[in-house]
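Asker: Just so it is clear: in the sequence shown, position 82 is 87 by this note's numbering, and no numbers are missing. Each residue gets a CB set at the ideal place from its N, CA and C atoms; glycine is no exception. This structure is a prediction, so every number in the text was calculated from the model and none was measured.
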Amino acid sequence: MFEYNNKIKNLIPYNPVTVSYAIRLDANESFVTPNEEIKEEILNEIAKLQLNRYPDPYAVEACSGFAQYFSVHPENIVAGNGSDELISIIMTVFLQKGDKVLSLSDDFSMYSFYTSLVDCKNIVIQKNDDYSVDIDKIINTANEKSARIIIFSNPCNPTGRVIKREDLRRLIKSVNSLVVLDEAYMDFSDESMLCEFANYDNLIILKTCSKAIGMAGIRLGFAIANNDLINVLKAAKSPYNVNVISQKICSVLFSHNDYIDNSIKRVLESRDSLYSQLDALSNELSNPFTVIKPHTNFVFMKYKDADKLHNYLTINSISVRFISGGLRITAGRNYENAELVNTIRLFLTNEIK
Ligand SMILES: *Cc1c(COP(=O)(O)O)cnc(C)c1O
C-alpha cells in the first residue's frame, strides 16, 4: 500500500472563492484595469509571439520593465510564476530538512505552508495586541534559535500595518538569517528597502504584479537581491517558469509608467476613502469595531463578531476575507465601497438595537 509521508498528511487544497458575488473585495486584487489602448497593444504584441518556442528563461524584457520602473538593476532580479513560486523556491534552496524559519503572526499563510513542505520548522512570533512588531524579540529569537530564514510581509497582510525602514535595517544587520521581505503592498506605503538591497548579503525582497500593477491573472512576481543570492535563485528555479504571454504583458505595462502611477493613485484614493468611511461609521455607532490605519490596498477591521458580519455580507453578495478575528476588506470602486459600508451599517444598527 502506498503510504503518505507526514508533511502532506494534513494538507488540504486551497479553497478559492468560487461562488459569484456582486461585489468582490476578498483577494486584494486591483479594481483598475488597462484602458482600451493598452489592451489593444497587449493583444497586438501577443499575436506576434512564437508560441511554439519556449519562453526566455530569465524573462529579461519583463525584468527590465520592472527594473526601470523601480530603479533597480535588471541583473538583480529573478521573475517567478507569482511571488508564491519565489517563496517556494527560496524555501527549497536555502533550507535543509529540520532548519528553522521565523515568521510572524498574523501574516501571510504561505510562509508557514512552504516551510512545512520542505520539512522545516516554523517559529512563530506573536505580534502585539495592536499588531505592531517587537523588532528586538525577532532579533533575539532568530539568534537564539539559529533561524535560517526570517520572512514576513511589509506592509502586512492581513493587518495593513507597516514596519519602518530604520527598524528593518537594524533587524537585517543584527541576524545571521536570510531575511525575506515581502513587499507585495509597498506601493501603497513608503518604507521600501528596494533602494538598499545591495547593502546586505542576507536580504531578498519580493514584489508582485498582482496588487498595485493590477495583474493577478498573469501570475508574475519578482525577487530582488544581491548578485550572489540572485544567482542561486536563477540556478535553482525551473528554467521556463514564467510563460511568454505573461512576460509580454508585463513588459507592455511597464512601458506605460503613467498608467501604473495612475492606478496606484486611484487605489490609494479608494483605500483612504474606505478607511475614513469605516472609521466614521465606527465613531458614529460608539466604536463597535476598530479599523487599523492601512498601508495597503485593503483595510483591516477588528470586530468581535466578525464571523457573523462576514456571513451577513456574504448573504448580501459581498465577499470579504474573514481572518485573524476581523475582516480584511479590499479597496474597491466607489460604489462597491459605499455598498459595503452601507451593508455593515445595516448589520450593526440591527445588532445594536
Ligand atoms: C498577494 C500577496 C502576494 C502575491 O502573491 P502572487 O503569487 O505574486 O500573486 C505575496 N505576498 C503577500 C503577503 C500577498 O498578500
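Hey, PHE303 and ILE328 are a contact pair by Cβ (cut 8 Å); roughly how many whole angstroms apart?
Answerer: On the sequence shown, position 298 is the one that residue 303 refers to. On the sequence shown, position 323 is the one that residue 328 refers to. The Cβ separation is near 11 Å, so there is no contact.
Asker: Assign GLU130 to one of three DSSP states: helix, strand, or coil.
Answerer: Here residue 130 is taken as the residue at index 125 of the sequence shown, counted from 1. Contrary to the premise, residue 130 reads as Ile rather than Glu in this sequence. In the structure shown, ILE130 adopts extended strand secondary structure according to DSSP, grouped into three states.
Asker: Per DSSP, which one or two residues make a beta bridge with SER331?
Answerer: Working through the sequence shown from its first residue, we reach residue 331 at position 326. The residue you asked about is not Ser; residue 331 is Gly in the sequence shown. Paired residues: LYS307, ILE328.
Asker: Nearest by alpha-carbon distance to LYS242: which of VAL98, ASP135, ASP31, TYR9 is it?
Answerer: For this step, residue 242 is matched to residue 237 along the sequence shown. Checking every option, the nearest Cα to that of LYS242 belongs to VAL98.
Asker: With ligand 1 as the reference, list in chain order each residue whose Cβ lies under 5 Å from any of its heavy atoms.
Answerer: Qualifying residues come out as GLY87, SER88, ASP89, PHE113, SER158, ASN162, ASP187, ALA189, THR213, SER215, GLY226.
Asker: Would you report the Cα separation of LEU238 and PRO244, rounded to the nearest angstrom?
Answerer: As a first step, residue 238 must be located in the sequence shown, where it is residue number 233. As a first step, residue 244 must be located in the sequence shown, where it is residue number 239. Approximately 11 Å between the Cα atoms of the pair.
Asker: Tell me which residues share the same chain as THR164 and place their Cβ nearer than 7 Å to its Cβ, disregarding the 5 neighbours each side in the sequence.
Answerer: Walking along the sequence shown from the start, residue 164 turns up at place 159. Here the set comprises ASP111, TYR136, ILE297, PHE305.
Asker: For ILE254, does the three-state DSSP call read helix, strand or coil?
Answerer: Locating residue 254 in the sequence shown gives position 249, counting from the first residue. Helix.
Asker: With GLY85 as the anchor, note down where its beta strand (DSSP E) starts and where it stops.
Answerer: The sequence position of residue 85 within the sequence shown is 80, counting from 1. First-last of the beta strand (DSSP E) with GLY85: 82–85.
Asker: Let me know the secondary structure DSSP gives PHE352 once reduced to three states.
Answerer: In the sequence shown, the residue the question calls residue 352 occupies position 347. Reduced to three states, the DSSP call for PHE352 is helix.
Asker: So, with DSSP's three-state summary, where would you put SER151?
Answerer: Along the sequence shown, one-based indexing puts residue 151 at 146. SER151 falls in the coil class under three-state DSSP.
Asker: Taking 8 Å as the cut-off, does the region 176–185 touch the region 145–154 (at least 3 CB pairs, one atom from each stretch)?
Answerer: yes
Asker: Alpha carbon to alpha carbon, how far is LEU211 from ASN355?
Answerer: One-based indexing of the sequence shown puts residue 211 at position 206. One-based indexing of the sequence shown puts residue 355 at position 350. Computed Cα separation, rounded: 43 Å.
Asker: Below 8 Å between beta carbons: does that hold for GLY219 and GLU90?
Answerer: Locating residue 219 in the sequence shown gives position 214, counting from the first residue. Locating residue 90 in the sequence shown gives position 85, counting from the first residue. Taking 8 Å as the Cβ cut-off, GLY219 and GLU90 do not qualify as a contacting pair.
Asker: Considering Cα atoms alone, identify which of ASN11, VAL37, MET191, SER35 is closest to PRO299.
Answerer: In the sequence shown, counting from the first residue as 1, residue 299 sits at position 294. Ranking ASN11, VAL37, MET191, SER35 by Cα distance to PRO299 puts MET191 first.
Asker: Whole angstroms are fine: how far does the CA of VAL24 sit from the CA of ILE95?
Answerer: Locating residue 95 in the sequence shown gives position 90, counting from the first residue. Locating residue 24 in the sequence shown gives position 19, counting from the first residue. Using only the alpha carbons, I get a separation of about 33 Å.
Asker: Measure the Cβ-Cβ separation of PHE352 and TYR308 and say whether it is below 8 Å.
Answerer: Taking the first residue of the sequence shown as 1, we reach residue 352 at position 347. Taking the first residue of the sequence shown as 1, we reach residue 308 at position 303. Contact flag unset, no.
Asker: Tell me whether LYS14 sits in a helix, a strand or coil according to DSSP, three-state version.
Answerer: Here residue 14 is taken as the residue at index 9 of the sequence shown, counted from 1. Helix at LYS14.
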